[in-house]
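A.B. asks: Please read through the structure below; I'll follow up with questions.
Protein chains: 6
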Amino acid sequence: MFYHVKDLQFNARVSRPDPRFANLLLEQFGGENGELAAAMQYFTQAYGAKMPHPDKYDMLMDIAVEEFSHLEIVGATIQMLLKGVNGELKNAADESEIMQVMDGAEARENIIHQALTANPHFVTLSSGGPRLTNSQGIPWCASYIHSNGDLTVDLRSNLASESRAKLVYEHLMKFTDDPYVKETLSFLMTREVAHYKMFEAALETIQPNFPPGVLQADPRFTRQYFNMSPQASVRGPWNKGEMPDLGKDWDYVQDPIAYVQATEGLTVLDDAKEAELEEVAELDAKMSEIKSQEVIAAEPKGTAQWSTYQDSKQLNK
Amino acid sequence: MFYHVKDLQFNARVSRPDPRFANLLLEQFGGENGELAAAMQYFTQAYGAKMPHPDKYDMLMDIAVEEFSHLEIVGATIQMLLKGVNGELKNAADESEIMQVMDGAEARENIIHQALTANPHFVTLSSGGPRLTNSQGIPWCASYIHSNGDLTVDLRSNLASESRAKLVYEHLMKFTDDPYVKETLSFLMTREVAHYKMFEAALETIQPNFPPGVLQADPRFTRQYFNMSPQASVRGPWNKGEMPDLGKDWDYVQDPIAYVQATEGLTVLDDAKEAELEEVAELDAKMSEIKSQEVIAAEPKGTAQWSTYQDSKQLNK
Amino acid sequence: MFYHVKDLQFNARVSRPDPRFANLLLEQFGGENGELAAAMQYFTQAYGAKMPHPDKYDMLMDIAVEEFSHLEIVGATIQMLLKGVNGELKNAADESEIMQVMDGAEARENIIHQALTANPHFVTLSSGGPRLTNSQGIPWCASYIHSNGDLTVDLRSNLASESRAKLVYEHLMKFTDDPYVKETLSFLMTREVAHYKMFEAALETIQPNFPPGVLQADPRFTRQYFNMSPQASVRGPWNKGEMPDLGKDWDYVQDPIAYVQATEGLTVLDDAKEAELEEVAELDAKMSEIKSQEVIAAEPKGTAQWSTYQDSKQLNK
Amino acid sequence: MFYHVKDLQFNARVSRPDPRFANLLLEQFGGENGELAAAMQYFTQAYGAKMPHPDKYDMLMDIAVEEFSHLEIVGATIQMLLKGVNGELKNAADESEIMQVMDGAEARENIIHQALTANPHFVTLSSGGPRLTNSQGIPWCASYIHSNGDLTVDLRSNLASESRAKLVYEHLMKFTDDPYVKETLSFLMTREVAHYKMFEAALETIQPNFPPGVLQADPRFTRQYFNMSPQASVRGPWNKGEMPDLGKDWDYVQDPIAYVQATEGLTVLDDAKEAELEEVAELDAKMSEIKSQEVIAAEPKGTAQWSTYQDSKQLNK
Amino acid sequence: MFYHVKDLQFNARVSRPDPRFANLLLEQFGGENGELAAAMQYFTQAYGAKMPHPDKYDMLMDIAVEEFSHLEIVGATIQMLLKGVNGELKNAADESEIMQVMDGAEARENIIHQALTANPHFVTLSSGGPRLTNSQGIPWCASYIHSNGDLTVDLRSNLASESRAKLVYEHLMKFTDDPYVKETLSFLMTREVAHYKMFEAALETIQPNFPPGVLQADPRFTRQYFNMSPQASVRGPWNKGEMPDLGKDWDYVQDPIAYVQATEGLTVLDDAKEAELEEVAELDAKMSEIKSQEVIAAEPKGTAQWSTYQDSKQLNK
Amino acid sequence: MFYHVKDLQFNARVSRPDPRFANLLLEQFGGENGELAAAMQYFTQAYGAKMPHPDKYDMLMDIAVEEFSHLEIVGATIQMLLKGVNGELKNAADESEIMQVMDGAEARENIIHQALTANPHFVTLSSGGPRLTNSQGIPWCASYIHSNGDLTVDLRSNLASESRAKLVYEHLMKFTDDPYVKETLSFLMTREVAHYKMFEAALETIQPNFPPGVLQADPRFTRQYFNMSPQASVRGPWNKGEMPDLGKDWDYVQDPIAYVQATEGLTVLDDAKEAELEEVAELDAKMSEIKSQEVIAAEPKGTAQWSTYQDSKQLNK
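Chains as they are written, first to last, in the working numbering: chain S, 3 to 319; chain G, 3 to 319; chain A, 3 to 319; chain X, 3 to 319; chain E, 3 to 319; chain R, 3 to 319.
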C-alpha cells in the first residue's frame, strides 16, 4: 500500500518563472529516461523478485518509491516554473491586451508568450502545469521500461537506466542559472548515481550472474569478432587478446564474407568444440535445476496470498 | 513524498493459476481505464489544484495514492495468477518435454501453454509477471489521462473515468469463478463508485461550475439542435422542450442544409440576441476577474517554495 | 450513408494568414480533445446504442455528424490561416531569396518563415495544409476516444469530452485577435456547451443510471474515505457528512495503515453489512435480467439486416 | 457540411454471429488500410486541392464521403457479427454459468467465449461493438494517412492505398462463408478498384505529372543502377536497356564500392552532364513559375472565405 | 549478410553548422517518408518476393541497401550540421557563461542556443547527433512501411513512397543555402526518381497486374461514380466517358440517396450483369490457380534452407 | 555505404512450417529487444563516436552491421516457418473449402488456420511474411533504442540491451523442437553474449568511466539509502557497509519522513561536506575541460567532410 506526505523529499524552490526550462524539465517528468520511467521499471520488476528474492524486492520497492517521490519533485518544479500562466489563462475574457503584448517588444517578458513558445500545450491543454510527456510533447509510454523477470537482466537494465538519467540531468543543469533549481537538479542527478551503486552491489550478490539468464553461451559462436566494416579497422581489447573474464581469446574474422562461405554459414566448424558443447549442456542442466527450484520452492502451494499483515502490526507497535 | 508499506490495501488472494484471466486483468494494470491511468490522472491534476484549492489538492492526492495502491493489488493478483510460469522458464535447458506436453492432450493443463496462449509476452518478455500493457499488449500511454488545469473540467473527466473503470471491473467479474479473485474485484469496482461520489461532491462545492471553464456560451449558438441525420428522427428532452437548468427551449433545426443556407452559415441571425450577447460579455469579464484573481492571489510573490516542512513536524509529534 | 454539401455549417473567414495560430488550432483538428475525437467517439458509440435505444442512436448520429462538420470548419480555417505557403513552396527553384529573407529582419513578415517556425511539417509534409496531428505533431490516435457499449457510461464520457473541448476553445480564443476567427471559435466553443446539455438530458431519461453499468456497489467498501496523504488534510462534503444521493454517511479512515492492518486487508469487517450484501445481490440479479432482456429483445432473430430502406423512401417523398 | 441518412449505401446483412470474423474485419474499420484511413486521406488532401483544382476537390470529397459511408458499413457488419455479446454482458450478475460453459465442451458454441477468444476488448471494452483498432488491437493512428499538398504525389499515394485496401478485402473473403457477408465484401473490394480508376484518370489530366512535385531530377544521378547485393544478380528492364519514358539508358554500376571510390563519392563525374544540368535549371525555373502562379492566382486577396452559400441555394431550388 | 564500407555513397559535406536545418533533415532520417522507411519497406518486401520472383528479390535488395546507404548519408549530414554541440555539452561544469550568452544578443550565434531552439532533444538526449525521429520528435514507427506480400501491390506502394520522398527533398532544398548540402540533397532527391523508374519497369513485367492481387472486380459495382458531395460538382475523365483501359463507361450516380433507396442498398440491380459475374468467376478461378501454383511450385519440399553458399563461392573466385 | 551478399551469415534452415513459432519469433524481428533495435541503437551511437573515438566507431559499426545480418536471419526463418501461407492466399477464389477445413477436425493441421490463429496479420496484411512488429502486433518503434552521445552511457545501455536480447532467445528456445531452428537460435543467443563482452572490454578502455557522463556526484546526497518501504526491510551490501569502489559507507535512513522533516527537505545537512563539495567542483571543471577538448580537438575547422575515400582505395588494392 502506498502512502504520501505532502512535504517533498527535497525542498524544491524556484526563484522566478521560466517556461522554457519548464519544458526542458518535462524530459524527467514524462520522458524516456525520466522519473516515472524509473519508478515504473523498478515497481514492475519488484513483482517477479518478491518470491525468490525478498531482499531484492525490498530494495526495488525502496528505490521505486524514491523515484515516485522524485517524480513529484520534478512536477512541483515545473509547476513553479510556470507560475502566472494559469492565472493569465483564467482571465479568459481579456484577450486583446495579450495579443498586443505578444507581438510587441514586451513579448519576451510576457509569461504567456514564453509558455506558448516553449510548449503550446502549456497554454492549450495543461493550463500551466506539467504534462506526462517529454519536451517535444510525446506522451509517456510504457515501452520506455524494461522489466523481464530475471534479476541478472533487470539489474543490468537498471544500471543503464540510471546512467542515462544521470546524463540527462547533467545536460539540463547547463540550461538554468537559478541556484535553487540547480540545487534540486544536483540532488536528483546524484541520487541516480547512488541508485547505480545500489544496483551494482545487488547484482554482485547473485553468483554466477553471467551470462545473464540461465543458459551458457554456445562455445561454437562465442569468440568470433566479425570485421563487418573492414575499412579503417581498429584492433583493441574488444577484438584482440583475451576476452574479459572468460579465459579465452578473441577470434578475429578479418573477412566475414569469405569465412561464412568457407564454413557454409558457420555450420562447418572446428571439431574441437564438441567437448565444450557437452560441458555446456551439463552446466545448462545444472543451472536450470538450481534456478527453477529456487523459484518453485519459494512459491506457496495452494491458495496464494500476497500479504500476511503481520509485519505491519509489528511496525506499528 | 511517497511512502510504502508492503501489505496490500486489500488482502488479495488467488485459489489457482489462471493465465487467461491474468491477461484480461492487464486491462486494469496497463489499460486505458486502469489503475495507473486513474492514479496518474489525479496525481497530475493535483499540481494545478494546489494553489487556489488546497482542499481539492488534498482530495486528489488521497485518491491518487489509493489508486496507486490499487495498481499494486492488480499487479499482485496477476503475478499470483501466473504462479508456475517463472519457474518453468528458469528450467531453460529442459525444452523437449514441454513441447511434447504443449502439443498433446495435456496442453490445456500446462501452465506454460496457458500462458503462451493467453499472452506471448508472459513467456518471452515478462517471465510470468505483469506488464504495463493492456490485454492486447498495447503499452500504457499517457494519452489515456486527462488533466487540464481547471477543476470544473478535471472533476468531470474524473466522473467519466470512474464510470468506465467501474464498467470494466463489472465485465471482468464475469470471467473468473475464483471466489478470492471475485472478492478483490468487487472491492476494486466498488471503490470506483466511491471515488465517483467524492468527485461529484467536490464539483458541487465549486459554484458556478457550468459552463466548465470561465467563459459563457455564445447565446447565438446555444440552443439549436441540428437534425443532421434526418431519417427516423426522434424527439426527446435532448432536442425538445426546455434545456436542462438553462430556462431556455431547444431550437430544433429540422433541415440544417436549408437553415445554413438561409442564414449564410449562421451569420445572419435573429437580432434579439444582441442584448444577450452584451450580458454574456459582462458576465465573462466578471468571471475572468474572479477566477484569475483566485489563482493569482494564491501564488506567492518572489521565490516559490512547494513545502514548508511545518505540518509534517506536527504530524510526527 | 454520409452525404456532403460544400458549404460549411458556419461561415468561416480569416482576415490574414497566421501560421502560429494555425498550428495552435491543430489541437482541435487532430488533437486529443478535438473535433475528430468527438465525431469518432459518438459515431462508434452509436453502433451499440442502435438496437435497444434507437432514440439515442439518432441523437448520437446527429451530433457525430455535426462534429464532422466542425472538423471541416477547423480544417478550412487552418488552410486559410496558411494562405501563401503552398504557393511559395511550389516556387521550388527559387530558394536563395527565401533564405536571405528568413535570416534577415523581414523574417517575421515572411509567411514561409512563420510557417517553418510554427510547425516544420507545414513546409515539409503538408505544404501548407492541416495535418491530422495536435499542435506538437503527434498523430491523432484512436486511444483518444471512449466508446464502451453502455449508455450510462458513454454519456458520462461525453459530458467530460465536451467539457474539455470547451476549455480548449476558451484557451485558443486568447491567442487570436482576428475577429472572424474569434467568431468561428465562439461558435465552435458554444456548440460544445449545447452538446453537453443534450447528453445531460439524454442521461437523465435513463433510470436508474447510477452506478453506471448494471451492478450495484459492494456495501462493504462503498463508504470509506482513505486519508492516504494525511498531512494538511481537509474535511469537506467529499469525505464528511452524507454521501450525495445515497442516504449514507462517509466513513473517514484517519489512519489507513492501521485500519488495513486491523482489518487484515479489509477482510475482517463489521457484520452489519451482511444484510446489505444480500439486498445488493438481489438488486444485481434483477437489474441484470432487465438490462440484458432489453438488449436481447431488441435483436432480431436469424439474419441480421442493418437498414430497411423504408424510411428513406418516405423521407424522399 | 456533412449530412447522414440512416440507410447504408450497401444493404449489409449477416446470417449468424461470428466474432472471429468480426475481429478480422476490424482491419478495414480501424486498420492501416481500412476505410477510415481512406476517408481521412482524401478528406485532408481535399483542403489543399480546393484552391487551384476545384475539380479535384469535388472528386476527393465525393470519394472521401463514400469511404465514410463504407466505414459505416464495415462497422455495422462487425456489430451484427457480434450479436448476443452485449446482451450476455449486461446479464452481469450471472457469471457462474458462463464460466462452466466456457471451460466445457460447449465453449465453441458460446458467443461470449468466441468473442473473448477473438478479441478480449470485445468483452472488456467495447461490449460487443466495433473498436477503432486493427485486428490486433492497435488503435487507429493518423500516421496511416498520406496527404502532402501536391496532387501529383497525393494521387499516387491514393493508387497505392486503393491497391492495398483491395488486397486486404481479397484476403478477408477467404475467411467467411456467410453469403451475405461475402456480398458486402465483394461490393467494398470492388469500390476500391473503381476508386483506383478514378484517381488514375485524374492524375492523367495533370500534365506533366512526372517527376512528382515541381523539380526535375538531377541528370548526374538519374540513370545509375547500383548493384548493392551483387550475388545472383538479375538484369531486367529495371536496370538494363532504356528507362521507361525517359529516352535514356540505365547505367548499371556492377561494383558500387569501386565506383564510389573512383568517383570520390560521385563527385567526379562525366563532364557531359553539365549541359543537361543547365537545361534542368531552366526547366525548374519555368515549372516553379507556372506551378506557384497557379496556386497564388487562385487565392483571394484580403479576407479569405471558404464558402459562398450561393451554390447550395441553387441546389435547393 | 550485410557488409559496410566506411566511405559514404555520396561525398556529403557541410560548410557550417546549422541546427535548424539539422532538425528539418530529421524528416528523412526518422520521418514517415524518410530513408529508413524506404529501406525497411523494400527489405521486408524482399522476403515474400524471393521464392517466386528471384529477379524482383534482387532488385528489392539492391534498392533497400542503397536506401540504408542514404540513411547513413542523411545521418552524417545531420551530425556535421550539429558540429560543436557535443563539445559544448561535455563542458558540463561551465554553465553560467552559456546562460548569459543564451539570453543576450549573441544567442543567435551560439550553437547551443540554436540547437536548443531547433530541437530540445539535441541538447538533452542525443548530445548533438541524429535521433531516429521526425522533425517534431516523433519516434520512427514501423506503421510507416507497407509490405503486403504481393508484388502488384507492393510495387505500387513503392511508386507512392518514392513520390512522397522526392517531394520532401524538394521542400527541404528551399531551406538551406549551403552549396554542399544542396548537392547532397539533389543527389538524394534524384535517386528517388531513379528508384521510381525501376519500380515502374518492374511492375510492367508482371502481366496482368490489374486489378492488384488476384481477384477481378465485381462487375455489379465497378462503374458507378457516386456524387456524394453534389454541390458545385464537376465532370471529368474520372466520372465521365470511358474508364481508363477497361472499355466501359462510367456510370454517374447523380443522386446517391435516391439511387440507394431505389436499389434497396444496391441489391436490386440490372440483370444484364449476371453473365459478366460468371465470366469473372471463371477468371478468378483461373488466376487463383496460376498465381497460387506459381508460389507453391517455387517452394522447396521438406526442409527449407535460405542460402546455398554456392553463388558466393563463385563471387569470390 | 552498406553492401549485401545474399548468403545469410548463419545457415538458417527450418524442418517444417510452424506459424505459432513464427509469431513468437517476431519478438526478435520487430520487438523491443530484437535485432532491428540492436542494429539501430549501435548504428545511431556510431555517429557521435566517430569524431573523438574512431576505434569505438569501428566497433559499433561492425556490431551494428552484424545485427542487421541477424535481422535478416530472423526474417528468413519466419518466412520459412510460414511456408504455404502465401500460396494458399493466392488461391483467392477457392474460399469455401478452406472454411470447411478450418472449422473441422483438420483445423490444427491446416497452415492457414494455424497462421490465422497465431497472428491475424499473417493472413490479412503480410501474406505469410514477417512484419516489423512484435508478437502482439505492436509496430517497431524507435523509442526502443538508446543513443545518447556519450560512450560511458551508451556502452552501458548496450550491456543491458544485450542482456535482454539474450534472455528472450533463451525463452524462445523452449518453444520449438525443430533442431535446425534451435541451432539458429543458439547462434543468435550466443552472439548477444559475445557482443556483451565486446562492449564490456570497450567500456573498460575509457577511464574514468564512472559516474557516467562528466560531472561528479554531489557529496551531500551520494550515500543515503532511504528506507521508503519500511516493513520487512532487509540490509545487504546495497545499503550497509561500504559502497562499491567509492571508499565510503552507506548512510541508511531508517525513517525517511522524519529525516526529511528534520533536514527541511535535505537542505540542512552536515557541514563536513563543504570541503567535499569544493573538491567536486574542481574535479568537475577539470573533467569538463578534458572531455570537451577531446571532442572539439577532433572536429575539423571549416567545411566538414565525412569520408576521405582514401582508405577504401587501399582496401581495394
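Using N, Cα and C, we set each Cβ at its ideal position, and we do this for glycine too. Every value quoted in this text rests on a predicted model; they were computed, and no experiment measured them.
To be precise: take each residue of the stretch 116-128 of chain X, compare its Cβ to all Cβ atoms of chain G, and keep it if any distance is under 9 Å. Which residues remain?
C.D. replies: Listed in sequence order: Leu118, Asn121, Pro122, His123, Val125, Thr126, Leu127.
A.B. asks: Please decide whether S/Gly130 counts as near chain G, where near means a Cβ-Cβ distance under 8 Å.
C.D. replies: On the first sequence, residue 130 of chain S is found 128 positions in, with the first residue counted as 1. Interface residue, yes.
A.B. asks: For X/Ile259 and E/Ala196, what's the separation of their Cα atoms in angstroms?
C.D. replies: Position 257 of the fourth sequence, counted from the start, is the residue given in the question as residue 259 of chain X. Position 194 of the fifth sequence, counted from the start, is the residue given in the question as residue 196 of chain E. Distance between the alpha carbons of X/Ile259 and E/Ala196: 19 Å.
A.B. asks: Comparing the C-beta of G/Gln138 with each C-beta of chain R, is any distance below 8 Å?
C.D. replies: The residue given as residue 138 of chain G occupies position 136 in the second sequence. Chain R, which has a Cβ nearer than 8 Å to the Cβ of G/Gln138, makes this yes.
A.B. asks: Verify whether the separation of the beta carbon atoms of A/Leu83 and A/Pro181 is less than 8 Å.
C.D. replies: Against the third sequence, residue 83 of chain A aligns to sequence position 81. Against the third sequence, residue 181 of chain A aligns to sequence position 179. No. Outside cutoff.
A.B. asks: Give, in chain order, every residue of the stretch 174-203 of chain E whose Cβ lies closer than 9 Å to some Cβ of chain A.
C.D. replies: Per Cβ criterion, the list reads Leu174, Met175, Lys176, Phe177, Thr178, Asp179, Lys184.
A.B. asks: How many angstroms separate the CA atom of X/Ala311 from the CA atom of G/Gly267?
C.D. replies: As a working note, residue 311 of chain X is residue 309 in the fourth sequence. As a working note, residue 267 of chain G is residue 265 in the second sequence. The amino acid occupying residue 311 of chain X in the given sequence is Tyr; Ala does not appear at that position. Looking at the two C-alpha atoms, the distance is approximately 7 Å.
A.B. asks: With a Cβ-Cβ cutoff of 8 Å, do X/Val37 and X/Gln30 count as a contact?
C.D. replies: Locating residue 37 of chain X in the fourth sequence gives position 35, counting from the first residue. Locating residue 30 of chain X in the fourth sequence gives position 28, counting from the first residue. Looking at the sequence provided, one finds Glu at residue 37 of chain X rather than Val. Yes, the pair counts as a contact, with Cβ atoms nearer than the cut-off.
A.B. asks: In three-state terms, what does DSSP make of X/Tyr5?
C.D. replies: Within the fourth sequence, numbered from 1, the residue matching residue 5 of chain X stands at position 3. Residue state, collapsed to three classes: strand.
A.B. asks: When you check each C-beta in the stretch 137-159 of chain G against every C-beta of chain S, which residues fall closer than 8 Å?
C.D. replies: Listed by position, the residues of the stretch 137-159 of chain G near chain S (Cβ gap below 8 Å) are Pro141, Trp142, Cys143, Ala144, Ser145, Ile147, Ser149, Asn150, Gly151, Asp152.
A.B. asks: Suppose the cutoff is 8 Å on Cβ atoms and the five residues either side in sequence are ignored; what does the same chain contact list for E/Thr265 look like?
C.D. replies: One-based indexing of the fifth sequence puts residue 265 of chain E at position 263. Here the set comprises Leu271.
A.B. asks: Taking the straight line between their C-alpha atoms, what separation do you get for A/Ser309 and X/Leu10?
C.D. replies: Taking the third sequence and counting its residues from 1, the one referred to as residue 309 of chain A is at position 307. Taking the fourth sequence and counting its residues from 1, the one referred to as residue 10 of chain X is at position 8. The straight-line gap from Cα to Cα measures roughly 6 Å.
A.B. asks: Rounded to the nearest angstrom, how far is the Cβ of S/Leu134 from that of G/Ala144, given a contact under 8 Å?
C.D. replies: Position 132 of the first sequence, counting from 1, holds the residue named residue 134 of chain S. Position 142 of the second sequence, counting from 1, holds the residue named residue 144 of chain G. That pair is a contact at about 4 Å.
A.B. asks: Could you check whether the Cβ of E/Met63 sits closer than 8 Å to any Cβ belonging to chain S?
C.D. replies: By one-based count along the fifth sequence, residue 63 of chain E stands at place 61. No, E/Met63 does not count as interfacial toward chain S.
A.B. asks: Take the Cβ of S/Lys92 as the centre, count every other Cβ of all protein chains shown within 10 Å, and call the residue buried at 16 or more, exposed below.
C.D. replies: Numbered from 1 along the first sequence, position 90 holds the residue referred to as residue 92 of chain S. Answer is buried; the Cβ neighbour count reaches 16.
A.B. asks: Taking the C-alpha atoms as reference points, what is the distance between A/Phe189 and A/Val76?
C.D. replies: Within the third sequence, the letter at position 187 stands for residue 189 of chain A. Within the third sequence, the letter at position 74 stands for residue 76 of chain A. So the two alpha carbons sit approximately 11 Å from each other.
A.B. asks: Specify the secondary structure class of E/Glu34 as computed by DSSP and reduced to three states.
C.D. replies: Residue mapping note: residue 34 of chain E aligns to position 32 of the fifth sequence, counting from 1. E/Glu34: coil per DSSP, three-state reduction.
A.B. asks: In angstroms with no decimal places, state the Cα-to-Cα distance between E/Ser17 and E/Gly86.
C.D. replies: Here residue 17 of chain E refers to the residue found at position 15 when the fifth sequence is read from its first residue. Here residue 86 of chain E refers to the residue found at position 84 when the fifth sequence is read from its first residue. Cα-Cα distance, rounded: 13 Å.
A.B. asks: Give every residue of the same chain whose Cβ lies closer than 6 Å to the Cβ of R/Val7, excluding the five residues on either side of it in the sequence, and list them in chain order.
C.D. replies: Numbered from 1 along the sixth sequence, position 5 holds the residue referred to as residue 7 of chain R. Here the set comprises nothing.
A.B. asks: Measuring straight from C-alpha to C-alpha, what distance separates R/Met3 and R/Asp64?
C.D. replies: For the purposes of this step, residue 3 of chain R is identified with residue 1 of the sixth sequence, where counting begins at 1. For the purposes of this step, residue 64 of chain R is identified with residue 62 of the sixth sequence, where counting begins at 1. Those two C-alpha atoms are separated by around 13 Å.
A.B. asks: Helix, strand or coil: how does DSSP classify A/Arg1 here?
C.D. replies: The displayed coordinates of chain A run from 3 to 319. Any statement about residue 1 of chain A would go beyond what the structure contains.
A.B. asks: State buried or exposed for G/Gly215, treating a residue as buried only when at least 16 other CB atoms are found within 10 Å of its CB.
C.D. replies: Your numbering for residue 215 of chain G matches position 213 in the second sequence. With 16 or more other Cβ atoms within 10 Å, it is buried.
A.B. asks: Excluding the five sequence neighbours on either side, which residues of its own chain have a C-beta within less than 6 Å of the C-beta of S/Arg22, listed in chain order?
C.D. replies: On the first sequence, residue 22 of chain S is found 20 positions in, with the first residue counted as 1. The residues are Ala120.
A.B. asks: Taking the Cβ atom as the reference point for each residue, do R/Ser137 and R/Gly33 lie within a distance shorter than 8 Å?
C.D. replies: Your numbering for residue 137 of chain R matches position 135 in the sixth sequence. Your numbering for residue 33 of chain R matches position 31 in the sixth sequence. Yes.
A.B. asks: If you run the structure through DSSP and keep just helix, strand and coil, what is A/Thr154?
C.D. replies: Walking along the third sequence from the start, residue 154 of chain A turns up at place 152. Residue state, collapsed to three classes: helix.
A.B. asks: Please determine if the stretch 155-163 of chain A and the stretch 201-220 of chain A are in contact, where contact requires at least 3 C-beta pairs separated by less than 8 Å.
C.D. replies: The stretch 155-163 of chain A is in contact with the stretch 201-220 of chain A.
A.B. asks: Quick check: the stretch 288-297 of chain A against the stretch 241-254 of chain A, are at least 3 beta-carbon pairs closer than 8 Å?
C.D. replies: These segments do not touch.
A.B. asks: On the CB-based measure, 16 or more other CB atoms within 10 Å of its CB, does S/Pro302 come out buried or exposed?
C.D. replies: Counted from its first residue, the first sequence places residue 302 of chain S at position 300. Exposed: under 16 other Cβ atoms inside 10 Å.
A.B. asks: For E/Ala277, does the count of other Cβ atoms within 10 angstroms reach 16, so buried, or fall short, so exposed?
C.D. replies: Here residue 277 of chain E corresponds to residue number 275 of the fifth sequence, with the count starting at 1. Classification for E/Ala277: exposed.
A.B. asks: Between X/Arg193 and E/Phe223, is the Cβ-Cβ spacing less than 8 Å?
C.D. replies: Position 191 of the fourth sequence, counting from 1, holds the residue named residue 193 of chain X. Position 221 of the fifth sequence, counting from 1, holds the residue named residue 223 of chain E. In contact: X/Arg193 and E/Phe223 (Cβ atoms closer than 8 Å).
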